[in-house]
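One structure is given here, and the rest of the page talks about it.
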Amino acid sequence: MGHRIAVTINGQRYEAEVEPRLLLVHFIREVAGLTGTHIGCDTTSCGACTVILNGKPIKSCTMFAVQADGSEIRTVEGLAQNGEFHPIQKAFWECHGLQCGYCTPGMLMAGVALLERNPNPTEDEVRRAISGNLCRCTGYQNIVKSILRAAEMMRGGAGVASGSPVGRGSPAQ
Amino acid sequence: MIPAAFEYVAPRSVAEAVALLRQHSYDAKVIAGGQSLIPMMRFRMAQPKVLVDIGRIPGLDYLREEDGYLRIGALVRHATMEHSPLIQERYPLLAATARVVADPLVRNLGTVAGSLVHADPAGDWAAAMMAARAQVVVAGPDGERVIGIDDFLVDTFTTALEPDELVVEVRVPIPGPRSGGDYQKIERKVGDFATAAVAVQVTLDEAGRCQQAGIGLCAVGPITLRAAAAEEALVGQPLDEATIRKAAALAAEAAQPTSDTRGSAEYKRDMVRVLTIRALRSAAARALKA
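Those sequence lines, one after another, are chains A and B.
Residue numbering for the first sequence follows the numbering used here, starting at 765 and increasing by one per position.
Residue numbering for the second sequence follows the numbering used here, starting at 7 and increasing by one per position.
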C-alpha cells in the first residue's frame, strides 16, 4: 500500500508515493536520484549513508522514508554552493581526508553537523563525532585533520590560505 | 537488505496507538526511533504486519523532574539524555550511560524507552535503569499501569508488555543528597554490543555509610541482571576499598556470562568484577561531592 510523502532535500521538495518498507536512503538515491549518499554495510554499522535530518546527523539506512515525511534533509550534494566547495570539502581535499572516497559523503555530513553545533571542537570531540562512521582506508588521521582544518576555515572566514601546512597528509605526522 | 512488506500507521495520540495495538495485537509492532527494530526487520528477524509509528504523537518527548521522579517521555532520544544539562548535573549514571549507547548517529534517533522495550540483555539503559530502580509507565486499554524495571524485563527480548500496551514514560526516582552513580562499559569498538558493562547507583548517609545501592549488569546473562548480593554487601558499610572489592566479587558471582567472539565467560566474569570496582569508586566519589 502506497503512502504519499513529501520531504525537502537540499532545499528542494520531493513528493512521491512510497511503499512503507522503503528505506530513507533508497528514497534519496532512487526516488530523488541523489546518489552521493552511499549504502555501505546495510547493518547500521558504517555511517556511509549519513545525512542531516532536521539538523541532526542520522543513518538514512535505519529510517523508513515514511517516517521522514515532512522532514528537512541535507545530503552531500547540498554542501557546495554556487559551484564553490563547502569549507569541509576544501579541507578534505587539502588534508587528504579521503582515499577511496566511499565513506566520504557520510564523513562530510557528520563533520558538518558537528561544526554547526560546535565551531571549535577539540580533536577528541571530532573523533567522538565521527565514531559512528567507518573508514577502511585512511586510518582516520587525515579525516580528523580535515575536520579540524574545516573548523579553522569556517571560523576564520575567507582569510585562510589554501596552502595551509596543517596536516598535509604525511603519515608520519 | 529489504524488510518484508508491512502496513504503516502513524497515530496522533496514545489512545489512538493503543486502539491500533488492540486491533492488530501480535501482528503489530511499535516503532519509535527504530534503531534496533529496523535492523531486525532488515535481517527479517522481525516481520511485523503492521508498524505503529508513535513518532508523530505530540508531547511524548519531555524530560523533567516532577513529583519526586525524573520523567523521561517515550520519545526522548539517547542524544537528548547525553546533551541535557539536567542529566549532566544531577544524574551522573544516566549521563555516563547516554555517552556510550551505540554511536552518535544512532543516538540521534534511538529512544531510552525503546531500548528498554527491546529488552536486549546487552542494552545499556536496562542495566542503568536497574541500578537507578526505575519504573516503566505503560498505557493500555484500561489506562496506565506502572511496572518496576525488574518486573518489566522478563526474558531475552521479552518484557511484561501486553500486545495492546505501549510504554509512555520511564521514571527514575530523584536521588537524594549524597548520591552518585556511574556506568562502566567495555566494548571492542564504538557501536558494538558491550563485552560487559556495569551500572552503579549509591546513596550515602551523613556518616558516609552506604544507605542504598543499585547494581545492574549488562551483557553477561540471558537478561539484564541485578547484583542483589553485592548491593546487600554495600548497605550499612562505608564505601572503602575492602567493601568495594567484596561487593565486586559478589557482582562477578551474580554474572551468567557465556563465551562468544567478545570474550570467554571467565574473562567477562572477571571484567564484571573490575568494572564494578571502577564504577563503585567513581560513584562513591561523586556521592561525597553531591
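Backbone N, C-alpha and C fix where the C-beta goes; we use that ideal spot for every residue, glycine too.
For residue i, is the classification buried or exposed, using 16 other Cβ atoms within 10 angstroms of its Cβ as the cut-off for buried?
i      : result
T209/B : buried
P45/B  : buried
M47/B  : buried
C216/B : buried
Q5/B   : Limits of chain B in this structure are 7 at one end and 296 at the other, which puts residue 5/B out of reach.
F158/B : buried
Q41/B  : buried
D148/B : exposed
M917/A : buried
M5/B   : Chain B is shown from 7 up to 296; residue 5/B falls before or after that span and cannot be answered.
K295/B : exposed
Which residues in the same chain as residue i place their Cβ atom closer than 6 Å to its Cβ, once the five residues preceding and following it in sequence are excluded?
i      : result
A236/B : I221, A253, L256, A257
V930/A : In this prediction, V930/A has a pLDDT of 41, which is less than 50 and means its spatial position is unreliable; nothing more can be read from the coordinates.
E836/A : T772, N818
A289/B : G186, G187, D188, V206, V208
Restricting to Cα atoms, I'd like to know which of the options is closest to residue i.
i      : options                        : result
C859/A : I907/A, F791/A, R768/A, T801/A : I907/A
G74/B  : M7/B, M277/B, G65/B, P179/B    : P179/B
L10/B  : G903/A, L786/A, I816/A         : As written in the sequence, residue 10/B is Ala, which differs from the Leu given in the question. Ranking G903/A, L786/A, I816/A by Cα distance to A10/B puts L786/A first.
L172/B : Y14/B, D33/B, I37/B            : I37/B
C864/A : I816/A, V771/A, H767/A, G903/A : G903/A
A248/B : V278/B, L286/B, P64/B          : L286/B
P183/B : M136/B, S90/B, G269/B, Q207/B  : Q207/B
A812/A : Y866/A, K854/A, L798/A, G861/A : Y866/A
Q905/A : H767/A, F849/A, R891/A         : R891/A
V789/A : I803/A, R777/A, R768/A, E781/A : I803/A
L111/B : T86/B, A25/B, E272/B, D211/B   : T86/B
To which residues of the same chain is residue i closer than 8 Å at the C-beta, ignoring the five residues directly before and after it?
i      : result
H30/B  : K55, V56, V58
R194/B : T201, R268
G227/B : P127, A261, Q262, P263
R279/B : A254, A255, A257, A258
Q94/B  : A101
Just to confirm my understanding: we take residue i, look at its own chain, exclude 5 residues before and 5 after, and list those with CB closer than 7 Å. What are they?
i      : result
R77/B  : Y68, R70, E175, R177
A134/B : L99, L100, T103, Y189, A205, G222
T801/A : V789, I792, R793, C813, V815, S824, T839, V840, P869
DSSP on residue i, reduced to helix/strand/coil?
i      : result
G931/A : Because the pLDDT of G931/A is 38, which lies under 50, any placement of that residue in the model is unreliable, and the question is left without a value.
Q937/A : Here the model assigns Q937/A a pLDDT of 35, short of 50, so the residue's position is not dependable and the matter cannot be decided.
Y189/B : strand
I790/A : According to the sequence shown, residue 790/A is His rather than Ile. Helix at H790/A.
T117/B : strand
G923/A : Caution is warranted here: a pLDDT of 47 is assigned to G923/A, below 50, making its placement in the model unreliable, and the coordinate value is therefore given only provisionally. If DSSP states are grouped into helix, strand and coil, G923/A belongs with the helices.
C946/A : Residue 946/A is absent from the model: chain A starts at 765 and stops at 937.
I180/B : coil
V196/B : coil
Could you check if residue i belongs to the surroundings of the ligand NAD, using beta carbon to heavy atom distance under 6 Å?
i      : result
T868/A : By its list of ligands, the structure shown contains no ligand whatsoever, and the ligand NAD lies outside what it can speak to.
If the cut-off is 8 Å on Cβ atoms, which residues from the segment 124-152 of chain B count as contacting chain A, listed in chain order?
none
According to a CB-to-CB cut-off of less than 8 Å, which residues of the segment 8-34 of chain B neighbour chain A?
I8, P9, A10, A11, F12, E13, Y14, A16
To be precise: take each residue of the segment 804-825 of chain A, compare its Cβ to all Cβ atoms of chain B, and keep it if any distance is under 7 Å. Which residues remain?
D806, T807, T808, S809, G811, T814, K820, P821, I822, K823
Quick one: which residues of the segment 97-110 of chain B get their C-beta closer than 8 Å to a C-beta of chain A? List them in chain order.
A108, D109, P110
Beta carbons nearer than 7 Å to chain B: which residues of the segment 893-925 of chain A have them?
A893, S895, G896
What residues in the segment 863-874 of chain A bring their beta carbon closer than 8 Å to a beta carbon of chain B?
A874
Contact set between the segment 40-55 of chain B and chain A, restricted to residues whose Cβ is under 7 Å from the partner:
G40, Q41, I44, P45, R48
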